[in-house]
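Take a look at the structure set out below.
2 protein chains.
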Amino acid sequence: MKKGNLDNKVYLFRTQARLSQEKLAKKVGVTRQTINALEHNRYNPSLVLAFEIAYVFDKSIEEIFSYSKEVNHE
Amino acid sequence: MKKGNLDNKVYLFRTQARLSQEKLAKKVGVTRQTINALEHNRYNPSLVLAFEIAYVFDKSIEEIFSYSKEVNHE
DNA sequence: TTAAAATGTAATGTATTTTTTACAGTATGT
DNA sequence: ACATACTGTAAAAAATACATTACATTTTAA
Numbered sequence: 021m022k023k024g025n026l027d028n029k030v031y032l033f034r035t036q037a038r039l040s041q042e043k044l045a046k047k048v049g050v051t052r053q054t055i056n057a058l059e060h061n062r063y064n065p066s067l068v069l070a071f072e073i074a075y076v077f078d079k080s081i082e083e084i085f086s087y088s089k090e091v092n093h094e
Numbered sequence: 021m022k023k024g025n026l027d028n029k030v031y032l033f034r035t036q037a038r039l040s041q042e043k044l045a046k047k048v049g050v051t052r053q054t055i056n057a058l059e060h061n062r063y064n065p066s067l068v069l070a071f072e073i074a075y076v077f078d079k080s081i082e083e084i085f086s087y088s089k090e091v092n093h094e
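If you want it as structure tokens, here you go:
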């Protein structure tokens with residue numbers, strides 16, 4: 021599974037909520053490094069983590085994460 | 021990351037669309053076993069896979085996957 | 001009823017997420 | 001200037017997603 025491009029607004033919503041990476045991490049049950057890597061788009065999180073984050077910010081997954089399928093030029 | 025309970029309606033939408041596990045698998049770029057395991061809630065897929073599936077069925081992630089946080093009784 | 005297609009599942013391997021530990025840099029308040 | 005909180009990052013290990021191969025059973029179509 022690699023495919024399209026994944027992006028997110030975690031940094032935006034986290035700073036709006038005045039949470040540190042550490043506090044957000046604790047809320048969603050992962051480590052600070054996981055949040056940091058996420059904000060820098062270093063990987064494709066699990067669906068459960070995406071749901072946990074959406075839950076904290078009271079948003080839908082689509083409001084936080086965007087996925088653009090690879091351009092299929094054949 | 022374990023936490024709440026994850027459920028999905030992949031079987032429902034797949035059969036409505038008259039797709040075999042194999043065909044759906046090919047469309048989203050995973051193997052048939054991955055789709056099978058997903059339908060039987062055997063794991064927590066990546067967000068990208070969730071997006072790919074939502075895309076095929078032209079639905080939002082929330083319409084297909086549901087996540088219920090563990091009851092917090094403290 | 002027979003063949004082909006579809007499904008369930010298991011075992012083992014690989015890839016990737018996530019943790020842990022750690023250290024250095026930046027920002028903030030006092 | 002100093003302490004403290006926050007952030008960036010990295011390496012190694014642990015956990016788990018996903019692939020591959022394989023085989024048995026069930027379903028469907030001719």
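Taken in sequence, the protein lines are chains A and B. Counting from 1 along the first sequence, just add 20 to a position and that's the residue number in our numbering. Counting from 1 along the second sequence, just add 20 to a position and that's the residue number in our numbering. For glycine and all other residues, C-beta sits at the position ideal for the given N, C-alpha and C. Keep in mind that this is a model prediction, so the values were computed, not measured.
Residues of the region 57 to 70 of chain A whose Cβ lies closer than 8 Å to any Cβ of chain B, in chain order: N64, P65, S66, L67, V68, L69, A70. Neighbourhood of B:L26 in chain A, by CB distance below 8 Å: L67, V68, F71, in chain order. Nearest CB-CB separation between A:K23 and chain B: below the 8 Å threshold. Nearest Cα to B:E42 within the set B:N25, B:T51, B:F77: B:T51. By alpha-carbon distance to A:N25, the top candidate from A:Y75, A:L69, A:N64 is A:N64. Against chain B, the beta carbon of A:K89 has neighbours under 9 Å at F71, E72, Y75, listed in chain order. In its chain, beyond the 5 residues on either side, R34, I55 have a beta carbon closer than 6 Å to the beta carbon of B:L44. At a cut-off of 8 Å between beta-carbon atoms, A:F33 makes no contact with chain B.
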